[in-house]
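The block underneath contains the structure these notes are about, expressed in structure tokens.
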DNA sequence: ATGTAGTTGTTGGTCGCAAGCAAGATGATG
DNA sequence: CATCATCTTGCTTGCGACCAACAACTACAT
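Chains as they are written, first to last, in my numbering: chain A, 9 to 195; chain B, 9 to 195.
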């Protein structure tokens with residue numbers, strides 16, 4: 009059922025995808041999605057949770073308890089691999105996120121909260137990297153974190169707009185250099 | 009009419025905004041928006057063109073024929089000021105962009121094209137900065153451009169998700185430092 | 001002032017369809 | 001056979017896009 013929804017969301021976006029279509033594409037009747045999830049909003053919320061779990065799991069399998077530059081690069085690799093291996097997941101997830109920004113919704117509030125956490129995580133990586141003497145103390149962890157998150161979301165956005173125009177390998181390789189240049193303490 | 013549309017798109021997104029509401033909020037009858045623009049798609053396209061013109065004008069009033077680091081910083085300032093002075097324009101514009109990614113549309117194709125141009129512009133600024141000896145020749149103009157655009161779109165995205173959580177002044181000040189650190193040739 | 005044409009805006013109505021609900025079918029299990 | 005969960009079907013309601021006919025106003029020539 010969720011797989012069917014992902015496919016439809018990629019094609020039409022969440023707003024133009026109907027519960028009827030989802031049920032039928034999944035091989036059931038038109039009414040099932042509705043009776044299972046109560047409402048369209050309810051269904052999208054479940055989908056949100058599912059997406060979130062999947063990404064969190066993927067990310068933490070890369071980052072683990074790393075910190076400093078290593079953690080930042082691990083997150084970059086997590087994104088690179090997720091974009092290529094789970095492209096449809098990614099597309100549907102962001103379509104859901106983007107469209108939830110349009111109106112007041114639970115998803116929208118959750119999103120704001122998650123984004124705060126993302127920023128805190130990256131800031132912590134940097135802070136611990138500075139403590140370990142690996143990252144230059146002139147770096148402001150909170151600001152780097154915002155810029156790092158901007159990179160992540162900005163790349164994903166450009167990828168959504170036109171995936172073919174981007175050479176992901178080259179982009180992530182070059183961004184690694186940028187991170188090293190910026191963070192690494194000079195001897 | 010366009011002003012009414014902007015207000016409604018901010019509240020509900022494009023998909024949940026109806027031509028009827030737009031006409032009525034603008035002080036006309038329910039049918040006017042339709043008879044003027046032919047279709048909802050037609051209306052949104054006009055809106056897209058309008059947004060695009062406004063942003064282009066704003067940006068070029070900051071960048072002019074600058075190049076190198078100066079041009080990059082001018083673009084950063086253009087964004088900073090647009091975000092604060094024209095917040096509703098920005099919100100509605102990006103909601104329109106985001107929602108047009110969900111399905112095949114003319115807007116979507118135009119968007120892809122515009123983004124290519126954005127990347128070319130920034131890459132050109134960098135290339136000319138390298139030629140002038142101001143920017144380190146180790147910098148890859150195309151890759152910096154992608155990262156720069158990612159910053160722009162990524163900041164806007166975070167701002168759309170939760171504007172209150174961001175201190176725009178601090179963000180843009182710190183990003184200036186980042187740009188200088190990355191690009192400026194070391195003597 | 002009057003007839004003609006063009007522009008702008010209004011109104012009534014059709015069509016299609018998504019969401020949601022309720023009643024019932026199906027089918028497994030103890 | 002009774003119960004519970006799962007799934008289907010018929011139906012209602014509401015509404016958005018779109019269209020066609022028409023009204024009101026303006027311009028301008030005669």
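Every residue gets a Cβ at the ideal spot worked out from N, C-alpha and C, and that includes glycine.
Beta-bridge pairing of residue i - partner residues as DSSP gives them
{"i": "residue 143 (chain A)", "result": "A:192"}
Counted within 10 angstroms of its Cβ, other Cβ atoms place residue i as buried (16 or more) or exposed
{"i": "residue 127 (chain B)", "result": "buried"}
{"i": "residue 21 (chain B)", "result": "buried"}
{"i": "residue 146 (chain B)", "result": "exposed"}
{"i": "residue 188 (chain A)", "result": "exposed"}
{"i": "residue 11 (chain B)", "result": "exposed"}
{"i": "residue 38 (chain B)", "result": "exposed"}
{"i": "residue 141 (chain A)", "result": "exposed"}
{"i": "residue 95 (chain B)", "result": "exposed"}
{"i": "residue 172 (chain B)", "result": "exposed"}
{"i": "residue 160 (chain B)", "result": "buried"}
{"i": "residue 92 (chain B)", "result": "exposed"}
{"i": "residue 178 (chain B)", "result": "exposed"}
{"i": "residue 68 (chain B)", "result": "exposed"}
{"i": "residue 117 (chain B)", "result": "exposed"}
{"i": "residue 124 (chain B)", "result": "exposed"}
{"i": "residue 80 (chain B)", "result": "buried"}
{"i": "residue 153 (chain B)", "result": "buried"}
{"i": "residue 65 (chain B)", "result": "exposed"}
8 Å Cβ cut-off: residues of chain A touching residue i
{"i": "residue 109 (chain B)", "result": "21, 103, 106, 168, 169"}
9 Å Cβ cut-off: residues of chain B touching residue i
{"i": "residue 54 (chain A)", "result": "Simply none; closest approach about 19 Å."}
{"i": "residue 179 (chain A)", "result": "151, 154, 155, 158"}
CB contact below 8 Å: residue i versus chain A
{"i": "residue 85 (chain B)", "result": "no"}
{"i": "residue 123 (chain B)", "result": "yes"}
{"i": "residue 51 (chain B)", "result": "no"}
{"i": "residue 137 (chain B)", "result": "no"}
{"i": "residue 97 (chain B)", "result": "no"}
{"i": "residue 34 (chain B)", "result": "no"}
{"i": "residue 119 (chain B)", "result": "yes"}
{"i": "residue 30 (chain B)", "result": "no"}
Minimum Cβ-Cβ distance from residue i to chain B less than 8 Å
{"i": "residue 60 (chain A)", "result": "no"}
{"i": "residue 10 (chain A)", "result": "no"}
{"i": "residue 13 (chain A)", "result": "no"}
{"i": "residue 24 (chain A)", "result": "yes"}
{"i": "residue 182 (chain A)", "result": "yes"}
Any non-hydrogen atom of the ligand FAD within 7 Å of residue i CB
{"i": "residue 73 (chain B)", "result": "With respect to the ligand FAD, the structure shown offers nothing to examine, as it has no ligands at all."}
Under 7 Å from the C-beta of residue i: neighbouring residues of chain B
{"i": "residue 186 (chain A)", "result": "155, 190"}
Contact list for residue i against chain A, beta-carbon separation under 9 Å
{"i": "residue 80 (chain B)", "result": "Within chain A, no residue comes near residue 80 (chain B); the closest Cβ sits about 14 Å away, beyond 9 Å."}
{"i": "residue 46 (chain B)", "result": "By Cβ distance, chain A contributes nothing, its closest Cβ being about 20 Å from residue 46 (chain B), past 9 Å."}
{"i": "residue 173 (chain B)", "result": "120, 123, 124, 127"}
Chain-ordered chain A contacts of residue i [CB-CB under 7 Å]
{"i": "residue 77 (chain B)", "result": "Neighbours of residue 77 (chain B) on chain A: none; closest Cβ ~16 Å, over 7 Å."}
{"i": "residue 163 (chain B)", "result": "158"}
Contacts that residue i makes with chain B (C-beta to C-beta distance below 8 Å)
{"i": "residue 90 (chain A)", "result": "What residue 90 (chain A) touches in chain B: nothing, since even the nearest Cβ is about 16 Å away."}
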